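Per our numbering, the sequence shown starts with residue 2, numbered consecutively.
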Amino acid sequence: MATGASNSATSAAVIAATAAAAAVAVLAAGSGGVLNGAEAGDPTPADLQAARLLNLATFGATADAVAEARGLTPAAWVKSQAETKFSATHFIDWYVRRDTEINTADSKKKARASFGQFQEAFWAAALAGPEQLRTRMAFALSEICVVSFQGSTVTARMGAAYFDMLRVRAMGSYRDLIEAVSLSPAMGMYLNIIGNIQADTDKTRRPDENYAREIMQLMSIGLYQLNMDGSAKLDAQGAPIPTYGQDDIAGLAKIFTGWGFWSAKPSSSTFATPRDTDADIKPLMAYTAYHSQLSKTFLGVTFPAYSAWTPPTGTAKSVGAYQVAGLKFALDTLANHPNAAPFIARRLIQRFVKSNPSPAYIERVAKVFVDDGTKTRGNLTAVIAAVLSDAEAWSSSFGDFDGKLREPTLRLSAFLRAFSASSVSKNYLAPYDFAPASAFNQAPLMAPSVFNFWMPDFAPLGGAIAKANKVAPEFQGVDVLTTASYANKILSNVQNQNWGNKDVATTYAKELALIDAKGLVDAKRLTRRLNMLLFGGQMGDKLAKRIIDVVNSTTTTIAKPTADQLAALNLNRVRNAVALAMVSTDFLIQR
């Protein structure tokens, strides 16, 4: 066993090294011939490789982040990110602080912090936080273990605590993650864990099955039995084999009865209503009177009835201990299910790298989920390292269905980070101004349903993607209106560089410094820089030539422009280049 683990780790290292070497060779050429002839200070192949990694794994590349990642393998960079210090309570601390500030400033109206302050905290972490991978992982997990403010009673405080929990668990154990998710007040409110009561002696009703169904379908094992490469197992008739049925849902639902808000003095009045301080953000607790004491059978296993249960050595027999043991048994079953590895592997590859990973890619990552090389299962740090290190993530040739459509939030964050967005107040005020959900059709914890903003197997109806039996999840959020609203808002953001009463602002200072002998921003050098920051070296020749031509055609008829006129001209040259880049298919399709 140890030898197998060692060989697995060695193979992964060889694959990663080969991928990195291939990437350097590809990026060394730049965008064909259009961007050749780099000058001193222009991005190097190592810079482009680092930027490509950052575009895959963070909220966007910055010049400083490129310098830090330069020369690191993806695995080494992941390790450094896993070790980066971070605040485990960033979101809830932010919410509490801003609530006090807002209430103090407008106490007569009893103003309080709300969902806008959650968004502030998100953008502060996404744009300025050094723990980029951790927050990006939390963002990805929030689209797998979905909690949403939309159409629910989940409060901004609950959402803040939920995102904090995702950041804490993002680089740890998958098994620990799904336990923390299951005991989160936000999830408890969103999928009806809170208030779920046993029906042991009342045959006229049954426990709520919402969470039991969704934790299996969406968060752990999926609808159909899978091979390690993510392909569906088939029965004798060639049909996919269901992973679970209604009886499994009903059995698992009993596990999730009797969980309510934390209280120092739990009672019927605190079960479904948070009455104690911080009860809305602390993990749920067992309310034994509401928990089923019947046997619970699901996925081929049975947790015994309380009357037949033998507690672990050293544990007194009590309904409370029985309830907790049942939860752990159920989550162990899900985390150790054969489907969990390929299911989570595919989901993370789709969130970070590409919509249509090959079966071999899924299997390589799934094997790391099963064993990270130290006989540890579900090590999410090792899993994301495998996702980002794989040769397929660094391919130098792209088919029609490679890559993925960038999520709107990640398009915006890439723009804001590339051009050094900062907040005067440090509060990132008015995210509804620079990042309106109405324009981008996406915002953190604002999915329209438990199925996220898009389904992992979505393909535009009747198009080439569907005909090729491929998927394009993010295209589920694309139509004429969302395309136009994105273009209009991002172009507005490019032109108007400050928002929220000028609190949040970007700067083109480094781009404006790329001056040629005529005092104009150098079109080719500017395009090389955009190729690094926004494209990770993947800008195509056609786009590069188009940007260079547009910049060079942005001129003035004034024979001897003043310094101010020249500055305005150069700003327009940069803005035109950035605008073209941000709405280009080369940028929108991440590769």
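Backbone N, C-alpha and C fix where the C-beta goes; we use that ideal spot for every residue, glycine too. In this text, all values refer to a predicted model and were calculated from it rather than measured experimentally.
C-beta contact flag for residue i and residue j at 9 Å
i    : j    : result
V451 : L178 : no
D480 : S426 : no
M190 : S153 : yes
F435 : G327 : no
Q294 : V325 : no
G231 : A367 : yes
N494 : E121 : no
A51  : V79  : no
N217 : D249 : Per the sequence shown, residue 217 should be read as Met rather than Asn. For M217 and D249, yes; Cβs fall inside 9 Å.
D100 : Q118 : yes
K283 : S356 : no
G538 : P44  : yes
A171 : A114 : no
A127 : S414 : yes
A448 : V147 : yes
R207 : A273 : no
S174 : N340 : no
R592 : F60  : no
Y225 : A233 : yes
K329 : E180 : yes
L446 : S185 : no
F262 : A280 : yes
I548 : L531 : yes
T377 : A386 : no
M533 : A62  : yes
A346 : V388 : yes
Residue from the options with nearest C-alpha to residue i
i    : options                   : result
W95  : E69, M286, V147 and A161  : A161
N228 : L36, F140 and H338        : H338
M166 : P313, G301, F87 and K519  : F87
A514 : V522, T507 and A386       : V522
Y509 : D517, D248 and Q496       : Q496
E443 : R407, D372 and D458       : A quick correction: the sequence has Gln, not Glu, at residue 443. Checked all of R407, D372 and D458; the closest Cα to Q443 is R407.
A361 : G374, P343 and T274       : P343
G541 : G246, S585, A317 and A387 : S585
L535 : F140, K546 and V579       : V579
A440 : K204, T484 and D333       : T484
Y487 : T410, A465 and G261       : T410
T258 : P243, D236, D277 and A213 : A213
Reduced DSSP category for residue i - H, G, I as helix; E, B as strand; rest coil
i    : result
V551 : helix
L406 : strand
N577 : helix
F304 : strand
S585 : coil
L28  : Residue confidence is low: L28 scores 44 on pLDDT, short of 50, so the model does not pin down where it sits. No coordinate-derived value is stated.
A22  : Unreliable positioning characterises A22 in this predicted model, as indicated by a pLDDT of 45, which lies under 50. The coordinate reading is nonetheless provided below. A22 falls in the helix class under three-state DSSP.
G261 : strand
S270 : helix
W95  : helix
A233 : strand
Y225 : strand
R592 : coil
A39  : coil
V325 : helix
M217 : helix
A506 : strand
S424 : strand
Residue i: first and last residue of the uninterrupted beta strand (DSSP E) it sits in
i   : result
K86 : No beta strand (DSSP E) holds K86; DSSP gives it neither H nor E.
Boundaries of the alpha helix (DSSP H) in which residue i is found, first to last residue
i    : result
F476 : Run containing F476: none; DSSP gives neither H nor E here.
F299 : No alpha helix (DSSP H) contains F299, which is instead part of the beta strand (DSSP E) from K297 to F299.
E364 : P360 to V371
Y291 : Counting along the chain, Y291 falls outside any alpha helix (DSSP H), and DSSP gives it neither H nor E.
M138 : Q133 to L142
G117 : F116 to A129
D434 : P432 to F435
A280 : Element bounds for A280: n/a, residue is neither H nor E.
G72  : It is not in any alpha helix (DSSP H) - G72 carries neither H nor E in the DSSP assignment.
P312 : Where P312 is concerned, there is no enclosing alpha helix (DSSP H), given that its DSSP letter is neither H nor E.
T484 : V481 to Q496
R348 : A341 to F353
F452 : Counting along the chain, F452 falls outside any alpha helix (DSSP H), and DSSP gives it neither H nor E.
R113 : It is not in any alpha helix (DSSP H) - R113 carries neither H nor E in the DSSP assignment.
A317 : Premise fails: A317 is in no alpha helix (DSSP H) and is neither H nor E.
L462 : Neither: L462 is in no alpha helix (DSSP H) and is coded neither H nor E.
I242 : Counting along the chain, I242 falls outside any alpha helix (DSSP H), and DSSP gives it neither H nor E.
D48  : P46 to A58
Short CB-CB distance (under 9 Å) between residue i and chain B
i   : result
Y96 : Absence of chain B from the displayed structure is noted, only one protein chain being present.
Q | Runs of beta strand (DSSP E) wholly within the stretch 165–210 (minimum 3 residues, chain order) | A | Segments of the beta strand (DSSP E) lying fully in the stretch 165–210: there are none.
(Q) Going residue by residue through the stretch 515–560, where are the continuous alpha helix (DSSP H) segments of at least 4 residues, counting only ones entirely within it? (A) 524–534 and 542–554, all fully within the stretch 515–560.
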